[in-house]
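A.B. asks:
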Amino acid sequence: MAAVQSGQSETEEEKEIQPETSNDGSRTDGRPPAGSPGGPATSPGAVKPSAPGEEETLRAVLRFLQKNNLSESVEILRREAGLPDEPEDQTGSESSGTGSGGQEAGGGVGDAGSLLSRVSAAPTPAAAAAVAAPPPPPSKVGAGDDRPDVNVVLSAYSQQGDPVLYDVYYSGLKKFIESVLDCHRAELSQVFYPLFVHMYLELVYNNHEAESKAFFEKFSGDQECYYADDLRILSSLSKKEHMRGNETLLDFRTSKFVLRISRDSYQLLKRHLQERQNNQIWTIIQEHLYIDIFDGMPRSKTQIDAMSGSLAGEAKRDSNKAKVFYGLLKEPEIEVPLDDEDEEVENEEGKPKKKKPKKDSLGNKSKKQDPNAPQQNRIPLPELKDSDKLDKIMNLKEATKRVRLGRDTLPSICFYSFLNAYQGLTAVDFTDDSSLIAGGYADSTVRVWSVTPKKLRRVKSAADLSLIDKESDDVLERIMDEKTASESKILHGHSGPVYGISFSPDRNYLLSCSEDGTVRLWSLQTFTCLVGYKGHNYPVWDTQFSPYGYYFISGGHDRVARLWATDHYQPLRMFAGHLADITCTRFHPNSNYVATGSSDRTIRLWDVLTGNCVRILTGHKGPIHAIAFSPNGKFMASGATDGRVLLWDIGHGIMIGDLKGHTDAIYTLKFSRDGEILASGSMDNTVRLWDAFKAFDELETDDFTATTGHIHLPENSQELLLGTYLTKATPVIHLHFTRRNLLLAAGAYNP
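For what it's worth, the working numbering labels the leading residue of the sequence shown as 4, then goes sequentially.
This is the structure we're talking about:
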């Protein structure tokens, strides 16, 4: 988020462009030039007024000029009179956001460090390093003190230019851009949309209703189609009164729109505006846009469209330069005993049989450390219990029997249709071993089913438990009450629709988040609510457990993602930076990073340890509802309401694929256990399988030119499509690969 400076506007058109005649890159940071309202300076040779009365008179004049937003006159008078800056004059320049692009957002809350250090028996240095300074409490929209005062924001539109000339200025710029060479036209055309929005808002703010309406009707049709929703909201702001308290306006005003333009194209634009003395447009470019200039060939229309579409333009190149440890953590060495089947075969053949080799990556992870992986103790993780070790042994055994998927061996798909789900099915999740399935409903309930013949049972009462012999071998069976056995259980507790659910890796707990602003932790032993986590002030759209348990992430309407630990009622981290609702959350396989997708059409990757945003990925043209990491942690897939599946290289922070085929919003994505296949489920009632192996294997990482923003997406999305599977009338809202690579899909039948 860029700093918001009070009194940035100027009412005189005598502002010149001479500060821009210096270094070309000096304007790309978006800061006002020296001597402008954002950076007042006192002349060292100025003589201060000698008489107290004269100084008081000058200060009264200064206050009058400030009240009328004559900021440039204020600075000239103060500089010549030698008056020091008044504290109140700096309030705007100090009200900066959470860092460029949210890079400094987030941080620990409360005693997060002591909490993290309790996860493992021996606190590690990383546990102590995990403490960050507590951020200020979030405001109503959840972005901390990053949200500026509405009056300060709107004052930037108080420029009193001739309303008739707005049409002339915009038409003149449009005519110029359409006349330049094709190689520059695509890049310069990026300025149309942000200029159109800010010029329209200036007209509305200054009560030029007729001119603003005419301006909107004339030029709104020239904007890119993926801004249609934003323009529809903008058209409702037809009076000055409508602008106060409007979140869309605040978002657009407080976050400078980022444009990535080559140096040659930028020079063309600057030269044109200087020759025409078009101060109105140049002022908007300086104060409201962030021009990210790069050296090299201009980008093509296709390359620009691939990265455009987010609420605040493209991501700055600096946003994706941080080092990301995307490798997997080394698995503990657990000796896997032979199966009974293996022992029988040995006896039949009469000679010993070697243990089956582990072809899967799970077996290889325990042998050597991934060079791209974070340190094992970078964040404290819970110690493995005996039950966890048994589960890992079962997982490794299943891996030896896993079907190797590929173009010639597609997975079988088992679809779970929720019939008569008139309570409104909103979320589905499977346990990792595929033994349980849970659904969240609009009637505030969560329902859990057993997929296997084994029924769900509650733990016996305390009185009955005291009669059990704790030393018996089958104590875990004896504590379960057979009288409560049933195929499903209903969990009551939320007071609003349930929008997200997630099983813990050990299958002992279930998370659910709701419109009521809470995240609840349920015990799958007693089927009761253990904790209600209250931190969000608005509906929570999604939540997910860490792959190692204990930690979980949540995100919702307040635009802030929160990292929690199950045994603490306060969040450990708060990740602020999105400009709209956080609609989906996912942990990286190594649990050191969290990805959040948002209605602002961006994906952000957050470092769990530091709270920093290390990746901002733009390219989707609609709200993002699905994120999936590849099993090796190197790649990521995302799906949105635009019906596209985008593939990303996390290490380079760049888009590497665009899969087109769905005709409606995509709500779920899942990689197969070996990472060979990517499955996508959509509201168009289909499941589509994509060749992930081919998409990633053909990449030449040496050709990545993320420094300039050039990407060359292969036009082979149809070649990567392996199959399309239609349901009768069931939107697909969840996908899950079993440990043997059987694909499970789920959705509610919608007759």
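Beta carbons: idealized from backbone N, C-alpha and C, even for Gly.
When the Cα of P383 is compared with those of S602, S239 and S594, which residue comes out closest?
C.D. replies: As a first step, residue 383 must be located in the sequence shown, where it is residue number 380. Per the Cα distances, S594.
A.B. asks: Can you tell me whether Y229 is helix, strand or coil according to DSSP?
C.D. replies: Locating residue 229 in the sequence shown gives position 226, counting from the first residue. Helix, per DSSP.
A.B. asks: Between V462 and Q528, which are expected to be in contact by the criterion C-beta below 8 Å, what is the C-beta distance as a whole number of angstroms?
C.D. replies: Within the sequence shown, numbered from 1, the residue matching residue 462 stands at position 459. Within the sequence shown, numbered from 1, the residue matching residue 528 stands at position 525. Right, their Cβ atoms sit about 5 Å apart.
A.B. asks: CA-CA distance, I284 and L262?
C.D. replies: Taking the first residue of the sequence shown as position 1, residue 284 is located at position 281. Taking the first residue of the sequence shown as position 1, residue 262 is located at position 259. Their backbone Cα atoms lie some 15 Å apart in a straight line.
A.B. asks: What do you reckon, are the CB atoms on V690 and I669 nearer than 8 Å?
C.D. replies: Locating residue 690 in the sequence shown gives position 687, where the first residue counts as 1. Locating residue 669 in the sequence shown gives position 666, where the first residue counts as 1. Not closer than 8 Å, so no.
A.B. asks: Along the chain, where does the beta strand (DSSP E) that runs through Y752 open and close?
C.D. replies: The sequence position of residue 752 within the sequence shown is 749, counting from 1. Taken as a continuous stretch (DSSP letters only), Y752 belongs to no beta strand (DSSP E), as it is neither H nor E.
A.B. asks: Can you tell me whether DSSP reads A315 as helix, strand or coil?
C.D. replies: What you label residue 315 is simply residue 312 of the sequence shown in a count that begins at 1. If DSSP states are grouped into helix, strand and coil, A315 belongs with coil.
A.B. asks: For W525 versus S515, is the C-beta spacing smaller than 8 Å?
C.D. replies: For this step, residue 525 is matched to residue 522 along the sequence shown. For this step, residue 515 is matched to residue 512 along the sequence shown. Yes.
A.B. asks: Quick check: the stretch 570-585 against the stretch 629-636, are there 3 or more CB pairs under 8 Å?
C.D. replies: Touching, no, given that fewer than three Cβ pairs across the two stretches are closer than 8 Å.
A.B. asks: How would you label Y425, buried or exposed, when you count the other beta carbons within 10 angstroms and need 16 or more for buried?
C.D. replies: In the sequence shown, residue 425 corresponds to position 422, counting from 1. Y425 should be labelled exposed.
A.B. asks: Would you kindly work out how many angstroms separate the C-alpha atoms of M639 and H739, rounded to a whole number?
C.D. replies: Mapped onto the sequence shown, residue 639 falls at position 636. Mapped onto the sequence shown, residue 739 falls at position 736. Each residue's alpha carbon lies about 16 Å from the other.
A.B. asks: Tell me which same chain residues have a C-beta within less than 7 Å of the C-beta of D391, skipping the five on either side of it?
C.D. replies: Position 388 of the sequence shown, counted from the first residue, corresponds to residue 391. Excluding positions up to five away in sequence, the list reads D509.
A.B. asks: Can you tell me whether DSSP reads H560 as helix, strand or coil?
C.D. replies: Translated into positions along the sequence shown, residue 560 becomes position 557. If DSSP states are grouped into helix, strand and coil, H560 belongs with coil.
A.B. asks: Note down, in chain order, each residue of its chain lying with its Cβ closer than 7 Å to the Cβ of P592, except the 5 sequence neighbours on either side.
C.D. replies: Working through the sequence shown from its first residue, we reach residue 592 at position 589. Only L331, P550, F632, P634 and G636 meet the Cβ criterion.
A.B. asks: Are there 16 or more other CB atoms within 10 angstroms of the CB of Q306, so buried, or fewer, so exposed?
C.D. replies: Translated into positions along the sequence shown, residue 306 becomes position 303. By the 10 Å Cβ count, Q306 comes out buried.
A.B. asks: In whole angstroms, what is the alpha-carbon distance linking L191 and A325?
C.D. replies: By 1-based counting over the sequence shown, the position of residue 191 is 188. By 1-based counting over the sequence shown, the position of residue 325 is 322. Going by the C-alpha atoms only, they are around 29 Å apart.
A.B. asks: Express the C-alpha separation of S498 and G443 in angstroms, rounding to a whole number.
C.D. replies: Here residue 443 refers to the residue found at position 440 of the sequence shown. Here residue 498 refers to the residue found at position 495 of the sequence shown. C-alpha separation (whole angstroms): 13 Å.
A.B. asks: Taking only three categories from DSSP, how would you classify S223?
C.D. replies: Counting from one through the sequence shown, the residue named residue 223 turns up at place 220. Residue state, collapsed to three classes: helix.
A.B. asks: Going by the beta-carbon positions, is the gap between Y269 and I287 smaller than 8 Å?
C.D. replies: By one-based count along the sequence shown, residue 269 stands at place 266. By one-based count along the sequence shown, residue 287 stands at place 284. Not a contact, by the Cβ cut-off of 8 Å.
A.B. asks: Within 10 angstroms of the Cβ of S491, are there 16 or more other Cβ atoms? Answer buried if so, exposed if not.
C.D. replies: Within the sequence shown, residue 491 is the residue found at index 488, counting from 1. Exposed.
A.B. asks: With 16 other CB atoms within 10 Å as the buried threshold, where does F67 fall?
C.D. replies: For the purposes of this step, residue 67 is identified with residue 64 of the sequence shown, where counting begins at 1. F67 comes out exposed.
A.B. asks: What first and last residue would you give for the beta strand (DSSP E) that runs through K400?
C.D. replies: By 1-based counting over the sequence shown, the position of residue 400 is 397. Unbroken run through K400 is the alpha helix (DSSP H), D389 to T403; no beta strand (DSSP E).
A.B. asks: What three-state label does DSSP hand L723 in the structure shown?
C.D. replies: As a working mapping, residue 723 is identified with position 720 in the sequence shown. Of the three classes helix, strand and coil, the one that applies to L723 here is helix, per DSSP.
A.B. asks: Using a threshold of 8 Å, state whether the C-beta atoms of V183 and L292 are closer than that.
C.D. replies: Here residue 183 refers to the residue found at position 180 when the sequence shown is read from its first residue. Here residue 292 refers to the residue found at position 289 when the sequence shown is read from its first residue. Not a contact, by the Cβ cut-off of 8 Å.
A.B. asks: So, with DSSP's three-state summary, where would you put D254?
C.D. replies: Residue numbering aside, residue 254 sits at position 251 when the sequence shown is read from its first letter. Note: D254 maps to helix in three-state DSSP.
A.B. asks: Hey, is the stretch 671-691 in contact with the stretch 729-744, meaning 3+ C-beta pairs nearer than 8 Å?
C.D. replies: Yes, the stretch 671-691 is in contact with the stretch 729-744.
A.B. asks: Apply the 10 Å Cβ neighbour rule to T429 and answer buried if 16 or more other Cβ atoms are within range, or exposed otherwise.
C.D. replies: Start at 1 with the first residue of the sequence shown, and residue 429 comes out as number 426. Flag for T429 reads buried.
A.B. asks: On the three-pair Cβ rule with 8 Å, is the stretch 210-218 touching the stretch 246-255?
C.D. replies: Counting Cβ pairs under 8 Å, fewer than three are found: no touch.
A.B. asks: Three or more C-beta pairs under 8 Å: does that hold for the stretch 404-421 against the stretch 679-697?
C.D. replies: Touching, yes.
A.B. asks: Count the other CB atoms, across all protein chains shown, that sit within 10 Å of the CB of M397; report buried if there are 16 or more and exposed otherwise.
C.D. replies: What you label residue 397 is simply residue 394 of the sequence shown in a count that begins at 1. Exposed is the call here.
A.B. asks: Could you name each continuous beta strand (DSSP E) segment of 3 residues or more that falls completely within the stretch 649-715, going from the start of the chain to the end?
C.D. replies: Here the runs fully enclosed are 657-663, 669-674, 680-685 and 689-694.
A.B. asks: Tell me whether H737, by its Cβ, gets closer than 7 Å to a heavy atom of the ligand ZN.
C.D. replies: The model depicted lacks the ligand ZN and carries no ligand whatsoever.
A.B. asks: Quick one: residues in its chain with C-beta nearer than 6 Å to the C-beta of S560, no 5 flanking neighbours on either side, listed in chain order?
C.D. replies: The residue you call residue 560 lines up with position 557 of the sequence shown. Reading off the sequence, residue 560 comes out as His, not Ser. For H560, where only same-chain residues beyond five positions count, the Cβ hits under 6 Å are Y541, P542 and D584.
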